[in-house]
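A.B. asks:
4 protein chains.
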Amino acid sequence: MMPNDFFSDLLSTISGRGRTLLGRASSQQRLTADDVVALCDALLSSRGEASGTAVARDVLDAYAQLDADGRGEVFAALAHRFGPDDDRLRKAAQRWESDPTDATATDLHFASEPRRQELFRRLNRAPGATRELVAMRADLLECLAERPALKVVDRDMVHLLASWFNRGFLVLRRIDWSTPAIILEKVIRYEAVHEIRGWADLRRRIDPADRRCYAFFHPALNDEPLIFVEVALTESIPQAIAPLLAEERVPTTAERARTAVFYSISNCQKGLAGITFGNFLIKQVVEELRREMPKLDTFVTLSPVPGFLSWLKSDDAPLADADRARIAGIDATADVAALDELRPTIEPLAAHYFLKAKNGRGQPIDPVARFHLGNGARLERIDWLGDVSAKGLQESAGLMVNYLYRLEDIEKNHEAFVNQGVVAASTAVRKMSKPEGRRMLDLRLS
Amino acid sequence: MMPNDFFSDLLSTISGRGRTLLGRASSQQRLTADDVVALCDALLSSRGEASGTAVARDVLDAYAQLDADGRGEVFAALAHRFGPDDDRLRKAAQRWESDPTDATATDLHFASEPRRQELFRRLNRAPGATRELVAMRADLLECLAERPALKVVDRDMVHLLASWFNRGFLVLRRIDWSTPAIILEKVIRYEAVHEIRGWADLRRRIDPADRRCYAFFHPALNDEPLIFVEVALTESIPQAIAPLLAEERVPTTAERARTAVFYSISNCQKGLAGITFGNFLIKQVVEELRREMPKLDTFVTLSPVPGFLSWLKSDDAPLADADRARIAGIDATADVAALDELRPTIEPLAAHYFLKAKNGRGQPIDPVARFHLGNGARLERIDWLGDVSAKGLQESAGLMVNYLYRLEDIEKNHEAFVNQGVVAASTAVRKMSKPEGRRMLDLRLS
Amino acid sequence: MMPNDFFSDLLSTISGRGRTLLGRASSQQRLTADDVVALCDALLSSRGEASGTAVARDVLDAYAQLDADGRGEVFAALAHRFGPDDDRLRKAAQRWESDPTDATATDLHFASEPRRQELFRRLNRAPGATRELVAMRADLLECLAERPALKVVDRDMVHLLASWFNRGFLVLRRIDWSTPAIILEKVIRYEAVHEIRGWADLRRRIDPADRRCYAFFHPALNDEPLIFVEVALTESIPQAIAPLLAEERVPTTAERARTAVFYSISNCQKGLAGITFGNFLIKQVVEELRREMPKLDTFVTLSPVPGFLSWLKSDDAPLADADRARIAGIDATADVAALDELRPTIEPLAAHYFLKAKNGRGQPIDPVARFHLGNGARLERIDWLGDVSAKGLQESAGLMVNYLYRLEDIEKNHEAFVNQGVVAASTAVRKMSKPEGRRMLDLRLS
Amino acid sequence: MMPNDFFSDLLSTISGRGRTLLGRASSQQRLTADDVVALCDALLSSRGEASGTAVARDVLDAYAQLDADGRGEVFAALAHRFGPDDDRLRKAAQRWESDPTDATATDLHFASEPRRQELFRRLNRAPGATRELVAMRADLLECLAERPALKVVDRDMVHLLASWFNRGFLVLRRIDWSTPAIILEKVIRYEAVHEIRGWADLRRRIDPADRRCYAFFHPALNDEPLIFVEVALTESIPQAIAPLLAEERVPTTAERARTAVFYSISNCQKGLAGITFGNFLIKQVVEELRREMPKLDTFVTLSPVPGFLSWLKSDDAPLADADRARIAGIDATADVAALDELRPTIEPLAAHYFLKAKNGRGQPIDPVARFHLGNGARLERIDWLGDVSAKGLQESAGLMVNYLYRLEDIEKNHEAFVNQGVVAASTAVRKMSKPEGRRMLDLRLS
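Protein chains in written order, with my numbering: chain Y, 2 to 447; chain E, 2 to 447; chain R, 2 to 447; chain Z, 2 to 447.
1) Enumerated in chain order, which unbroken segments of the beta strand (DSSP E) with a length of 3 residues or greater are wholly contained in the segment 328 to 393 of chain Y?
2) Consider the Cβ of D324 (chain R): report whether some Cβ of chain Z lies at a distance smaller than 7 angstroms.
3) What three-state label does DSSP hand F83 (chain Y) in the structure shown?
4) Assuming E236 (chain Y) and R206 (chain Y) are in contact, meaning their beta carbons sit under 8 angstroms apart, how far apart are those beta carbons, in whole angstroms?
5) Taking 7 angstroms as the CB-CB cut-off, is I176 (chain Y) touching chain E?
6) Among R:H353, R:Y404, R:W200, whose alpha-carbon lies nearest the alpha-carbon of G377 (chain R)?
7) Can we count F166 (chain Z) as close to the ligand SAM, meaning its CB is less than 6 angstroms from some heavy atom?
8) What separation, rounded to the nearest whole angstrom, lies between the Cα atoms of R25 (chain Z) and W200 (chain Z)?
9) Applying a beta-carbon distance threshold of less than 7 angstroms, which residues of chain E neighbour T183 (chain Z)?
10) I want to verify the contact list: residues of chain Y whose CB lies under 8 angstroms from the CB of E114 (chain E), in sequence order.
11) Against chain R, does H373 (chain Z) count as a neighbour if the rule is that its beta carbon must be under 7 angstroms from one of theirs?
12) Distance check for E231 (chain R) and L343 (chain Y), CA to CA, integer angstroms please.
13) Identify each residue in the segment 57 to 89 of chain E for which the Cβ-Cβ distance to at least one residue of chain Y is less than 9 angstroms, and report them in chain order.
14) Assign E293 (chain R) to one of two classes, buried (16 or more other C-beta atoms within 10 Å of its C-beta) or exposed (fewer than that).
15) By the 10 Å Cβ neighbour count, where 16 or more other Cβ atoms means buried, how is S99 (chain E) classified, buried or exposed?
16) Pull up the distance between the alpha-carbon of K314 (chain R) and that of F372 (chain R), whole angstroms please.
17) Taking any Cβ of chain E, which residues in the segment 197 to 209 of chain Z have a Cβ under 7 angstroms from it, in chain order?
18) According to the Cβ coordinates, are S267 (chain R) and A193 (chain R) closer than 7 angstroms?
19) Out of Z:P209, Z:E74, Z:A182, Z:R174, point me to the one whose CA is closest to E147 (chain Z)'s CA.
20) By Cβ distance below 8 angstroms, which residues in the same chain neighbour Q364 (chain Z) in space, the five residues on each side in sequence not counted?
21) Report yes if the CB atom of R461 (chain R) is closer than 7 angstroms to the CB atom of Q66 (chain R), and no otherwise.
22) Would you mind telling me which residues of chain Z sit closer than 9 angstroms to A127 (chain R), beta carbon to beta carbon, in chain order?
23) Measuring only between beta-carbons, confirm whether D103 (chain Z) sits less than 7 angstroms from chain R.
24) Span of the beta strand (DSSP E) holding S265 (chain Z)?
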């Protein structure tokens with residue numbers, strides 16, 4: 002936003018390589034990865050201090066012109082040439098080994114800091130830089146698959162971004178029909194759970210009196226939501242997504258609403274992958290809603306089960322051979338009536354999937370389950386045919402589930418889950434995993 | 002701002018030490034340093050994650066109740082008990098020594114991170130915490146004098162605060178008569194150079210058309226200026242402070258103003274001592290002013306010389322014995338007319354003070370000189386009797402100086418100063434330090 | 002926004018008819034027009050003063066429940082029962098006649114004020130009332146066609162609304178992609194000239210660097226634009242609308258833009274019909290654009306000619322019999338190539354339409370022409386096939402025109418137009434209306 | 002805010018008197034009242050319409066240069082030369098007399114409108130004009146004393162200003178320590194009841210948790226409060242002002258506050274004299290406070306009695322001859338202990354003053370009493386020695402009173418006061434006016 006003519010003037014007077022680079026930049030000649038790295042060196046030098054934010058801006062502008070190969074080269078240089086100062090590190094390590102005190106340990110920590118961390122901090126001084134650094138991290142993630150050696154750069158970027166996007170700096174804002182279009186457009190684009198089909202669909206999710214949407218924002222990325230959650234206010238815990246999103250539905254009045262349903266939570270920034278906001282978002286939205294509507298007493302999700310069908314079709318699922326073929330046929334185009342006949346077969350397996358099946362680290366297979374259970378929620382109910390869209394059938398044979406956030410149990414559930422791998426679940430779900438439970442459930446529902 | 006009743010409820014249900022602590026907190030019983038440390042442990046544990054920001058808030062609230070001794074105990078615990086994980090550090094050091102790669106070096110860096118850094122980051126998650134962490138750093142600085150072992154804690158706090166108060170996150174705002182009183186009040190309080198004597202005096206500095214005041218703010222400390230600078234717009238470079246601040250002066254019209262005078266720059270936050278904003282502030286204000294008023298062509302300070310008189314009275318000053326006694330008599334109550342007779346003696350010594358006298362690190366003795374010369378300004382003029390207030394006489398025998406910020410020289414000056422200790426100065430100042438120069442100057446001025 | 006419980010309490014304690022009415026209101030019983038009129042009486046009584054804004058709110062709420070018939074009855078009562086106080090008026094008239102002074106004339110004016118004016122002013126005290134009064138005026142306009150006696154009510158409403166929506170109270174705001182969706186949605190809905198087909202189309206009109214949209218707002222109707230204008234920045238005066246609105250067009254850079262084209266101006270509030278903002282809007286937007294982009298030197302419209310084709314087909318058009326049949330066949334589905342053959346016939350008639358044809362009041366027939374010429378613009382060019390959409394063909398056989406706003410001519414043009422009916426037009430347009438001019442034009446274009 | 006260079010250009014091209022005037026304006030030559038009147042003529046002419054808001058700005062700028070005599074001449078011209086159009090008025094009067102219908106009566110009303118009303122409306126179109134029109138009204142009020150013939154101009158200004166400052170357009174804002182200094186400075190200046198002695202005193206009135214200050218603002222006068230009220234939250238109804246304003250007082254906690262005391266209400270704009278906001282302000286602040294603090298159950302004033310002592314010393318007071326001399330001696334320097342001996346004499350007279358003494362229009366003599374009783378409050382208590390400041394002694398022999406706003410009585414009190422002149426008062430006050438009541442009161446208090 003702030004013009005840099007002060008420093009454009011300034012830099013236009015300097016001599017040497019800097020002048021060459023900037024001459025090229027202004028003559029619209031394309032800069033190379035080597036040029037970017039040379040500018041990074043300049044930024045870390047004394048000259049970088051004198052020029053305030055101008056060299057940082059030059060690095061970012063030059064980087065923005067690179068193609069994927071060029072970016073990869075820059076990241077490689079960051080990995081290999083911008084690590085810690087070897088000499089300083091070696092001395093600090095020796096001092097600590099010969100005299101391991103609080104002071105020498107701290108020295109060792111600061112001596113081992115890769116120089117790229119200071120580079121990123123200096124880059125961040127330029128106006129608008131935070132947004133570009135987030136984008137740079139997204140670029141890095143793309144390179145990472147093919148170049149695992151860049152992992153060291155990623156650790157530093159994640160470390161800094163996590164510190165800068167500390168929850169204390171985030172601002173919760175409600176998203177509604179008074180929100181600027183530039184933000185709403187991003188909500189449409191980033192919605193990852195139940196696609197928003199245009200502006201009319203968006204309006205149905207944020208404008209009615211029984212709908213809420215909240216997002217976290219960072220002051221340095223003013224028109225970019227970081228993560229948002231969509232909430233429906235209902236009388237009771239819903240069993241299916243379609244009625245919640247139906248065009249022709251009667252809104253729940255404030256007087257009758259007792260339940261807040263978190264039916265979609267979406268991260269917006271690829272460059273912030275791995276930095277978790279969801280836990281904080283849900284908890285703060287619960288606080289907001291309780292303050293605004295003291296009558297609400299149930300806070301629950303209506304969640305997809307993205308890993309279920311592929312697990313069900315895998316060898317890991319304890320399936321009778323007779324069932325295996327029928328289940329193999331389920332896909333995005335499955336006939337719902339036919340599918341419904343499989344309910345007695347699938348439901349106990351679903352309970353098994355949540356309660357007993359584990360991944361390599363001893364955690365539930367389902368990523369959504371790991372998120373909510375890790376937050377201290379409990380698995381409240383399995384919703385048969387909760388999502389019969391193509392996506393729902395494809396992912397989970399139509400299954401959805403509710404995770405319940407009960408204030409008084411959150412910490413206990415979280416600790417049991419983290420420390421002992423215990424999955425908090427309602428009695429109904431527990432019984433479903435046992436044959437007799439299954440039968441009782443059938444009786445109750447019939 | 003956000004009530005924490007969600008988690009107050011939550012925490013009221015937990016058992017063990019936590020319950021005891023919180024019970025005490027709510028019963029208004031005073032918590033001890035040990036309690037605070039126990040809460041810090043809880044915050045770093047798994048429980049801290051589940052409870053979101055509530056335990057962080059508890060730590061901060063409990064800390065706020067401690068007296069100076071209690072705070073010292075907490076800092077001592079942070080120094081000794083919240084350092085790096087010894088075992089993890091030792092293993093990482095061994096791996097790096099046996100195989101020093103980018104990856105093992107990075108591992109070593111993260112393994113050596115003191116656990117208090119993560120603690121501070123988690124504390125910062127609580128609403129309003131950043132302000133409290135800045136205050137905590139101010140507390141720490143008070144303890145540091147007597148407890149040098151706390152230096153390790155300070156390095157970590159400075160590291161984190163410098164990252165969080167990165168220039169890219171700061172917002173420049175103009176301070177004027179439309180600014181909220183809660184901020185103006187702090188400008189009055191924090192002004193460190195030329196005292197502001199109440200609201201009428203303040204208004205004379207920020208409201209007239211030829212005055213400007215700018216400050217940096219951080220989004221998490223909304224009504225706290227971090228640093229501010231006061232600017233007068235004038236026709237030419239001023240030689241004394243009193244006419245600039247006179248109650249009965251005729252404002253300079255926008256048409257005639259060619260010079261922007263930075264006559265006072267004050268840091269506001271003790272807890273951010275050592276984290277420099279001044280360099281960035283001056284440069285951005287120059288940009289702002291140039292954009293608003295393209296006719297401005299001179300950017301200059303009118304600065305105090307806080308170390309001059311005590312140096313002049315010291316053995317370091319190359320003083321003729323005859324003069325030594327007369328100079329020893331100068332103090333806050335000096336008679337200006339009598340002082341003026343010493344001009345031929347003192348001015349060359351002043352030039353010497355700036356150009357030749359050095360501190361232990363080979364830098365100028367004067368802290369204000371170090372700041373502006375380090376920013377790339379040059380010493381433009383020595384202003385005899387520029388400040389004849391008691392403070393001005395006391396500090397510098399009434400001397401003031403102008404530092405000139407010339408765009409095309411900033412980087413060159415900065416590099417020469419940092420790398421070779423060269424002090425950029427005008428010809429007039431240079432000549433003043435030589436006897437013949439002195440004579441020429443006398444002729445010119447007579 | 003402000004709850005009225007204070008006065009709900011208050012009013013629930015009163016006796017008589019008021020209590021009955023309010024009892025009914027709270028029991029959700031439908032109020033009648035008579036009830037509304039009774040509440041109007043209460044509002045004008047002393048009781049109305051004591052209760053602050055509560056009775057005003059009651060009137061508006063009760064009115065909002067009425068159907069079209071009920072509203073008509075209320076307006077009839079306003080016309081007949083809320084006129085001036087007869088007795089007071091008669092006495093003031095007599096005094097003025099026997100002694101016509103400044104004072105008695107003023108007395109007569111205030112004595113003749115219909116009581117409904119005070120009623121509307123009191124209604125306007127309620128929170129949010131201005132919006133409802135504007136809507137009430139729209140209701141009144143619907144009734145007016147069938148009930149001309151309500152004209153007296155309309156004069157009073159127009160009088161008050163014109164005073165309240167005085168240009169001095171309006172705020173110009175830019176509409177862009179950062180504008181809240183609730184406002185953008187209304188821009189889509191109210192666009193009256195070139196339909197906006199959804200959000201993507203809207204974005205093409207307000208987001209690119211060479212597009213602008215500005216609207217007037219009133220502080221009491223915060224999210225309701227009153228009137229807005231869409232502007233395209235171009236190199237030269239455009240001859241057709243389609244290229245301006247094309248999905249795949251290359252934006253004009255700021256460096257090359259010399260012309261601001263006002264291609265659509267739309268009123269948004271039916272209830273403010275007859276209160277003109279357009280004149281002020283265009284002039285202020287010209288000022289805004291000149292300040293932002295000093296290189297702009299041409300301010301011009303690209304305007305429809307809504308009355309042309311129906312005039313052309315009427316007996317008023319001086320048409321050769323041979324042409325009459327061919328012209329009678331032009332409609333929304335006209336073939337453009339065939340139409341183009343009629344250019345030598347139609348263009349001189351178009352010039353005649355603008356320059357010579359007049360309505361009953363001696364003004365141009367075309368309403369858009371009356372607006373821009375009345376503002377002091379001049380007719381610059383007739384754009385053959387400027388709008389070949391169905392609507393453009395239907396209204397004007399595809400014709401568009403440019404009106405040019407030249408600063409130095411606005412007042413002169415306006416005065417000549419208002420006082421002598423002179424239509425300011427370029428030489429090119431003037432020549433087009435004469436046979437020889439027509440030939441010269443043909444030569445020039447060939 | 003919006004530059005008018007568009008029209009400065011424009012107007013610089015016109016010929017005739019306008020050019021002369023504007024030439025003079027730009028040459029800094031002083032304009033005369035005749036010039037201003039000529040510009041007013043231009044503004045009402047067709048030229049005024051074409052030029053948008055430029056001529057309006059010229060009138061206001063030219064008016065601003067006039068001295069008091071010049072302003073008086075302009076107002077005289079407005080009174081005599083900008084009345085209604087005589088001819089049009091005469092015809093409308095005749096039509097109405099021969100055929101008195103709704104339509105002819107309305108015609109008569111509009112025909113009798115003084116042309117200065119339209120003039121003021123057109124003036125108001127210029128940016129910032131509303132503020133200048135309010136100032137113009139203040140000028141007019143100064144002239145009015147000596148020139149009663151200007152009353153006709155005042156009626157029109159009041160009529161328009163009352164409509165423009167309709168309560169529906171006013172915005173209630175809280176004034177606190179976050180309010181811009183430019184507004185706070187005005188609160189200090191305009192406080193009319195209990196003088197604010199500088200910024201520290203101001204802060205004590207707006208910053209503590211048990212203090213509130215609210216003001217009405219108009220969107221066109223953004224940094225000008227129109228009227229403000231200062232509120233203290235207390236446990237019970239206070240009897241004296243000094244403890245409320247004491248520097249060293251213990252704030253009332255939110256838990257204990259049951260009473261909101263309106264202890265000062267001040268109008269800020271001389272130019273809006275006679276346009277009442279106070280009624281609406283008190284009622285809306287009551288609503289605000291009730292919403293924020295539901296425990297508040299008593300809304301009361303602590304009010305001065307400005308007319309009491311001069312009445313007491315007048316022949317109107319039913320004073321025993323023996324008392325007359327002692328009372329004649331009371332003034333700003335009265336000894337409080339001596340005064341206290343007169344309590345049995347003065348209190349019954351105070352009750353008489355409020356309950357029985359009337360001015361020429363049959364209303365209470367005291368203006369503050371008329372205001373609150375007219376709003377529907379009741380006189381709750383007479384506070385002996387409530388204000389022993391010099392001003393308090395001088396005005397009312399130290400007396401203060403509390404007016405109580407009880408929701409359920411406001412309308413009843415108001416109607417009884419307006420229609421039958423009944424003063425609502427507590428039993429205690431009533432009894433005080435009777436000898437036996439006086440005695441009982443003595444007993445009760447002893």
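All C-beta atoms in this analysis are idealised placements derived from N, C-alpha and C, irrespective of residue type, glycine included.
C.D. replies: This is what the structure gives:
1) Entirely contained in the segment 328 to 393 of chain Y, the beta strand (DSSP E) runs reaching 3 residues are, in chain order, 379 to 384.
2) The residue labelled residue 324 (chain R) in the question sits at position 323 within the third sequence. No, no contact with chain Z.
3) The count along the first sequence starts at 1 and reaches residue 83 (chain Y) at position 82. Note: F83 (chain Y) maps to coil in three-state DSSP.
4) As a first step, residue 236 (chain Y) must be located in the first sequence, where it is residue number 235. As a first step, residue 206 (chain Y) must be located in the first sequence, where it is residue number 205. With a Cβ gap of about 19 angstroms, E236 (chain Y) and R206 (chain Y) do not count as contacting.
5) Start at 1 with the first residue of the first sequence, and residue 176 (chain Y) comes out as number 175. For I176 (chain Y), no Cβ of chain E is located within less than 7 angstroms of the residue's own Cβ.
6) Working through the third sequence from its first residue, we reach residue 377 (chain R) at position 376. The shortest C-alpha separation from G377 (chain R) is found at R:Y404.
7) In the structure on display, the ligand SAM does not appear, and there are no ligands present to speak of.
8) The count along the fourth sequence starts at 1 and reaches residue 25 (chain Z) at position 24. The count along the fourth sequence starts at 1 and reaches residue 200 (chain Z) at position 199. Low per-residue confidence applies at R25 (chain Z): pLDDT is 47, beneath 50, and the placement is therefore not dependable enough to give any value.
9) Here the question's residue 183 (chain Z) lines up with position 182 in the fourth sequence. Note on identity: in this sequence residue 183 (chain Z) is Ile, with Thr being the wrong assignment. In chain order: W178, S179.
10) Position 113 of the second sequence, counting from 1, holds the residue named residue 114 (chain E). The answer, in chain order, is H110.
11) Taking the fourth sequence and counting its residues from 1, one reaches residue 373 (chain Z) at position 372. No, no contact with chain R.
12) One-based indexing of the first sequence puts residue 343 (chain Y) at position 342. One-based indexing of the third sequence puts residue 231 (chain R) at position 230. Distance between the alpha carbons of L343 (chain Y) and E231 (chain R): 59 angstroms.
13) For chain Y, the residues of the segment 57 to 89 of chain E that bring a beta carbon within less than 9 angstroms of one of its beta carbons are A57, A80, H81, G84, P85, D87, in chain order.
14) Along the third sequence, read from residue 1 onward, the residue named residue 293 (chain R) stands at position 292. Exposed, since its Cβ has fewer than 16 Cβ neighbours within 10 Å.
15) By one-based count along the second sequence, residue 99 (chain E) stands at place 98. Counting Cβ neighbours within 10 Å, S99 (chain E) comes out exposed, since fewer than 16 surround it.
16) Taking the third sequence and counting its residues from 1, the one referred to as residue 314 (chain R) is at position 313. Taking the third sequence and counting its residues from 1, the one referred to as residue 372 (chain R) is at position 371. Cα atoms of K314 (chain R) and F372 (chain R): separation of roughly 23 angstroms, rounded to the nearest angstrom.
17) Here the close residues are W200.
18) Translated into positions along the third sequence, residue 267 (chain R) becomes position 266. Translated into positions along the third sequence, residue 193 (chain R) becomes position 192. The answer is yes: Cβ separation under 7 angstroms.
19) As a working note, residue 147 (chain Z) is residue 146 in the fourth sequence. Comparing Cα positions, the closest option is Z:E74.
20) Here residue 364 (chain Z) is taken as the residue at index 363 of the fourth sequence, counted from 1. Only R371, G422 meet the Cβ criterion.
21) What is shown of chain R runs 2 to 447, which leaves residue 461 (chain R) out entirely.
22) The sequence position of residue 127 (chain R) within the third sequence is 126, counting from 1. Those within 9 angstroms of A127 (chain R) in chain Z are R168, G169.
23) Looking up residue 103 (chain Z) in the fourth sequence gives position 102. At least one beta carbon of chain R lies nearer than 7 angstroms to the beta carbon of D103 (chain Z).
24) Sequence index remark: in the fourth sequence, residue 265 (chain Z) carries index 264 (1-based). That run of the beta strand (DSSP E) goes 260 to 268.
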